[in-house]
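Visitor: Terminal number for the sequence shown in the working numbering: 495, no gaps in between.
No residue lacks a Cβ here, since even glycine has one placed at the ideal position from N, Cα and C.
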Amino acid sequence: MQFQPFWFDNAMQEEANALPLALPTKHHCDVCIIGGGFTGLWTAIKLKQQQANLKVTIIEKGFCGQGASGRNGGAMLTWSTKLPSLSKLVGLEKALFLVKESESAVHQIAEFVRQHGIDCDCRIDGCYYTASNEAQKHLLTPAIKMLEDNNLNAWQHCDTQTLINTGSAANISGHYSPHGGSIQPAKLVRGLKQVAESLGVKIIEQCQYKAHSGQSPLNVETNQGNICANHLVFAVNAWLPTLKPQFQRNIVLVSSDMAITKPMPETLAHLSLNHGAAIIDSRIFVNYYRTTTDGRLMLGKGGNYFSFANRMSDKFEQPSRYQTLLNNSLSHFFPNHNFEIDRTWTGPSDRSVTGFPFFGHLNNQANVIYAGGYSGNGVVQSFLGANILCALILKNAPVWQHCGLVNQALDNFVVEPFRTVGAYLIRNAIRRKERAEDNNTHVNQIDTYLASFIGSAGKVDMKS
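1) Any contact between the segment 202–222 and the segment 185–193? By contact I mean 3 or more CB pairs, one from each, below 8 Å.
2) For Glu236, which three-state DSSP category applies?
3) My guess is that Ile291 and Asp180 are in contact by the Cβ rule of under 8 Å, so how many angstroms apart are they, rounded?
4) Just curious, the alpha helix (DSSP H) that Asn358 is in, first and last residue?
5) Note down the Cα distance separating Gly157 from Lys241, rounded to an integer number of angstroms.
6) How big is the Cα-Cα spacing for Met32 and Asp381?
7) Taking DSSP as the reference, what is the three-state secondary structure of Asn459?
8) Express the C-alpha separation of Arg280 and Asn443 in angstroms, rounding to a whole number.
9) Any chance the segment 328–340 sits against the segment 78–94, with 3 or more Cβ pairs inside 8 Å?
10) Between which two residues does the beta strand (DSSP E) harbouring Glu252 extend?
11) Report the CB separation of Ile76 from Leu223 in whole angstroms; it is logged as a contact under 8 Å.
12) Could you tell me which of Gln246, Thr193, Asn268 sits nearest to Gln412, measuring between CA atoms?
13) Pairing CB atoms from the segment 186–204 with CB atoms from the segment 40–60, are three or more of them under 8 Å?
14) Where does Lys332 fall in DSSP's three states?
15) Distance, Cα to Cα, Leu178 vs Gln255?
16) Excluding sequence positions up to five away, which residues of its chain have a Cβ less than 6 Å from the Cβ of Glu134?
17) Whose CA, out of Val445, Leu52, Gln35, Glu465, lies closest to the CA of Glu236?
18) Pull up the DSSP beta-bridge partners for Arg154, would you.
19) Identify whether Asn427 lies in helix, strand or coil by the three-state DSSP scheme.
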């Protein structure tokens with residue numbers, strides 16, 4: 032049997048073996064969306080909610096949820112910890128708007144899930160950002176100060192009792208925000224698919240985009256035939272450079288690797304981890320973990336495998352190559368653990384130069400739109416991305432059309448092979464630096480210097 036990440040396999044076991052729809056002949060639609068993950072499905076749903084008569088079609092080369100959306104950690108995170116760098120990118124006013132919207136989106140997603148009866152383990156139990164060594168202790172301070180200065184701070188410093196809820200004595204300090212939580216990502220995707228179809232969205236799985244041509248209407252070529260569409264949306268994220276090589280230098284494709292245990296509810300209760308909050312430490316290549324309602328612990332580690340020339344390697348379709356690294360992270364937070372690992376897997380993350388997603392018109396064509404560069408923050412941010420894409424299609428929401436993330440002059444990474452060589456050089460320096468910080472030993476100045484090239488890749492801004 033072909034390997035599947037845990038979340039997707041778990042979600043599909045609960046579905047009947049319904050055959051995917053075939054693409055109708057001479058199919059015409061108002062909007063054709065390439066990609067059946069979070070971004071594509073949220074966009075289709077929001078389009079139909081605003082204009083019910085709009086003909087919307089999604090094509091997905093596999094099954095909805097089989098891509099990056101169904102492989103991530105399922106942590107619902109906001110942009111509040113990134114306010115300083117977001118402000119530098121889009122300006123303070125727009126950054127504050129995006130932070131507010133990201134915090135609101137957490138609760139909007141939960142309400143949507145409740146209204147539509149989507150069983151996806153959605154728990155809005157907040158989020159903890161922690162320091163798991165002394166060097167991380169004050170990294171969140173610049174963001175919190177900026178939030179406070181603008182009357183937008185929801186983060187509370189954790190006292191000793193609250194910190195116990197992170198489940199690990201390795202977390203020596205931390206902050207908590209109620210705007211966060213966790214979901215089973217593949218089940219959310221499959222639930223969104225059902226909602227989209229109930230609204231009249233036509234979803235064609237196992238339908239692969241090949242090319243498109245024309246102006247208005249567009250002719251979209253797929254492996255199942257052609258589609259005539261008035262608008263075309265690329266909502267493929269990590270696969271964007273594969274379909275459109277012009278984005279090859281705008282992102283770097285890097286893995287986030289995950290492990291999930293077998294159910295152990297008694298152990299989690301003993302650790303005070305019988306909740307759905309996400310726990311993230313403040314290092315550059317973060318450790319993150321959360322639990323599930325059936326008593327599993329999932330831990331992930333970012334920044335591991337860098338794909339040469341952004342090729343969608345077979346390594347993303349296999350168990351993680353970094354099981355030793357994952358076990359080391361588990362041991363850091365849970366010394367002498369005897370957790371039984373059920374499965375490991377790898378998720379592709381499309382890291383942009385800025386660490387924020389980008390949206391725009393492909394080749395300045397008004398009816399061809401793209402989204403990409405989510406940089407490891409996808410669950411909440413794809414919900415906001417759908418607002419941007421809908422506004423670009425319907426031209427009815429200037430606040431989203433001009434939010435600062437649209438039609439940016441995108442920065443480039445260096446050309447290959449220097450990009451991949453440099454990425455591993457910097458990655459290894461960061462690992463050495465953070466290992467020394469974990470052990471409270473001297474950090475090599477060269478490693479500190481090399482680590483500074485990472486920019487805004489972390490989930491917490493490293494400096495103001």
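Guide: In terms of the structure at hand:
1) yes
2) Here residue 236 refers to the residue found at position 205 when the sequence shown is read from its first residue. Three-state result, Glu236: strand.
3) In the sequence shown, residue 291 corresponds to position 260, counting from 1. In the sequence shown, residue 180 corresponds to position 149, counting from 1. Wrong, their Cβ atoms sit about 40 Å apart, outside the cutoff.
4) Looking up residue 358 in the sequence shown gives position 327. Where Asn358 is concerned, the enclosing alpha helix (DSSP H) stretches over 354–364.
5) Residue 157 sits at position 126 when you count from the first residue of the sequence shown. Residue 241 sits at position 210 when you count from the first residue of the sequence shown. Looking at the two C-alpha atoms, the distance is approximately 41 Å.
6) In the sequence shown, residue 32 corresponds to position 1, counting from 1. In the sequence shown, residue 381 corresponds to position 350, counting from 1. With a pLDDT of 43 at Met32, under the threshold of 50, the modelled position of this residue cannot be trusted, and the question is left open.
7) Against the sequence shown, residue 459 aligns to sequence position 428. Three-state result, Asn459: helix.
8) To locate residue 443, count along the sequence shown from 1; it is residue 412. To locate residue 280, count along the sequence shown from 1; it is residue 249. Near 5 Å, if we compare the C-alpha coordinates of Arg280 and Asn443.
9) no
10) Taking the sequence shown and counting its residues from 1, the one referred to as residue 252 is at position 221. Its beta strand (DSSP E) spans residues 249–253.
11) Along the sequence shown, one-based indexing puts residue 76 at 45. Along the sequence shown, one-based indexing puts residue 223 at 192. That belief holds up - the Cβ atoms of Ile76 and Leu223 are roughly 7 Å apart, short of 8 Å.
12) Looking up residue 412 in the sequence shown gives position 381. Selected option, being the one with the closest Cα: Asn268.
13) no
14) The residue you call residue 332 lines up with position 301 of the sequence shown. If DSSP states are grouped into helix, strand and coil, Lys332 belongs with the strands.
15) Taking the first residue of the sequence shown as position 1, residue 178 is located at position 147. Taking the first residue of the sequence shown as position 1, residue 255 is located at position 224. One C-alpha to the other measures close to 50 Å.
16) Taking the first residue of the sequence shown as 1, we reach residue 134 at position 103. Thr109, His210.
17) Here the question's residue 236 lines up with position 205 in the sequence shown. Comparing Cα positions, the closest option is Leu52.
18) In the sequence shown, the residue the question calls residue 154 occupies position 123. Ser213.
19) The count along the sequence shown starts at 1 and reaches residue 427 at position 396. The answer is coil: DSSP assigns Asn427 none of H, G, I, E or B.
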